[in-house]
Ligand code: GDP
Ligand code: MN
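Spelled out as structure tokens, the structure:
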């Protein structure tokens, strides 16, 4: 689950990471109130208006702007709230901005040398360790840095059972070229950031830029946070931060129905039980000359209701040209699933795309009989290859 910048910063702040202070606003009037409050609290004269959407590169798309007085705060907030923000990380259509973060300006006017660094904490699956990735080249795409100046990106691998050792935090500060007060502040920053990452059960914390001011403060100016969905049950307060306006509506519906669904770009919808079988089915579709339109795991109990929900989800995608149902009857009996498909099909009325059903396992023969005798435009297959050939046939 992804968070907004302001939510990520809230978490950082709660673990003692120094942040650029801000207040969320839904309207221009709220933006002005927020700005006044920030001036009282921080003494800031200027403010930054930042679009809150689940996408990076907002600055490039015009979603981050500096306001030098309250009138500008109001105007800019009015422009950004409700706009369709297009950034290098959104689709061509962009993302609708529902709210903005009003922040203090932490780049002091006249500060000749604000330094911007990049820092993220993530899991390195290859080594089974957490990794702090950091660079002196902050404020721009880390992908560009990786391509053009890879030697300016450093990694610090952290053994999760030991945690971040003090010498490692010092190495980070050293590699960033810091000394004196800034060095000390950076070791504090990294230590608190690592703690925030582990204790919130996140899979990513990315701070770009981390700012060093001319008076040697180290501040998180941005925050991109991805929480581990499987750990949300023990962080009810974070789970409540979910903003479904930012998520794919079909995926939201699937999650509410207890189905595991990921939207993809292809033309063949898949309905499968079990993640491993789902992966194999997607390979099969590719071999048959198609592209999977989705990953969908209906789980162990593929009854009529679940099957119908799953059909509904798949059919919401207009690019679906065929549906492949591939179910292994282990715990669930194939004839029950087949009956579920037939019932769902009848309930739904006019499904226009061809459906190929492969049921294998307990009572597979009975299931095939049921489908073949149903009189519906559903093709049944028992073997994997048979199913692939049928997908190929309907696509060509
Ligand atoms: P992103 O474009 O989505 O990554 O959004 P960021 O939060 O990283 O902001 C984009 C850029 O806005 C930063 O790289 C900074 O250069 C600039 N910016 C952010 N906060 C301030 C601020 O307080 N003052 C000024 N002058 N610029 C800022
Ligand atoms: Mn950023």
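Residue numbers (our numbering): 262 to 657.
Where is the CB? At the ideal position from N, CA and C, for every residue including glycine.
Between residue 350 and residue 318, the C-beta spacing is below 7 Å. Judged by DSSP secondary structure, residue 597 falls within the alpha helix (DSSP H) whose first and last residues are 595–609. Apart from the 5 residues on each side of it in sequence, residue 452 sits with its Cβ closer than 7 Å to the Cβ of 425 and 430 in its chain, given in chain order. Contact between the region 514–529 and the region 593–607 is absent, with fewer than three C-beta pairs closer than 8 Å. Per the coordinates, the alpha-carbon of residue 469 lies some 14 Å from the alpha-carbon of residue 375.
When the Cα atoms are used, residue 454 and residue 297 turn out to be separated by approximately 29 Å. Sequence-distant partners of residue 265 (beyond 5 residues in either direction) whose C-beta falls short of 6 Å from its own C-beta, in its chain, are 313.
Under the Cβ criterion (8 Å, minimum of three pairs), the region 497–504 does not count as touching the region 468–485.
Within 6 Å of the C-beta of residue 483 there is at least one heavy atom belonging to ligand 2. Measuring C-alpha to C-alpha distances from residue 581 to each of 545, 284, 555 and 378 identifies 555 as the nearest.
Straight across, the Cα-Cα distance linking residue 545 with residue 388 is about 31 Å. For residue 640, the uninterrupted beta strand (DSSP E) segment begins and ends at 639–642. Two segments are said to touch when three or more pairs of C-beta atoms, one from each, lie closer than 8 Å; by this definition the region 380–400 touches the region 412–422.
The closest CA to that of residue 283, considering only 269, 299, 272 and 293, is found on 299. In this structure, residue 619 lies near residue 648, with their beta-carbon atoms less than 7 Å apart. Taking 8 Å as the upper bound for CB-CB distance, residue 572 and residue 535 are not in contact here, some 18 Å apart. With respect to residue 447, residue 418 sits apart: the two C-beta atoms are not nearer than 7 Å. Scanning its chain for C-beta atoms nearer than 8 Å, with the 5 sequence neighbours on each side dropped, one finds around residue 600 the residues 565 and 631, in chain order. CA-CA distance, residue 353 to residue 337, rounds to 23 Å. Each residue's CA atom was taken as its position, placing residue 491 and residue 575 some 24 Å apart.
Between residue 643 and residue 577, the C-beta gap is not smaller than 7 Å, which leaves the two residues out of contact. Here residue 435 has 444 as same chain residues with Cβ atoms under 8 Å from its own Cβ, once five neighbours each way along the sequence are excluded. With a cutoff of 7 Å on beta-carbon distance, residue 311 and residue 325 are scored as near each other.
Shown here for residue 523: same chain residues with a beta carbon closer than 6 Å to its own, the five before and five after excluded, namely 556 in chain order. In the three-state DSSP reduction, residue 558 falls in the strand class (E or B). Taking non-hydrogen atoms of ligand 1 into account, the C-beta of residue 327 is found less than 6 Å away from one of them. Nearest C-alpha to residue 330 among 320, 307, 315 and 339: 307. For the pair residue 476 and residue 450, the Cα-to-Cα distance works out to about 16 Å. Of the candidates 386, 441 and 380, 386 places its Cα closest to the Cα of residue 421. Residue 315 places its beta carbon less than 7 Å from that of residue 507.
For residue 339, the uninterrupted alpha helix (DSSP H) run begins and ends at 331–341, by DSSP.
Straight-line measurement puts the Cα of residue 485 at about 9 Å from the Cα of residue 268. Assignment of beta-bridge partners to residue 384 by DSSP yields 391. A distance below 6 Å between beta-carbons, with the five flanking residues on each side excluded, links residue 462 to the following residues of its chain, in chain order: 489 and 492. The beta carbons of residue 520 and residue 559 sit closer together than 7 Å.
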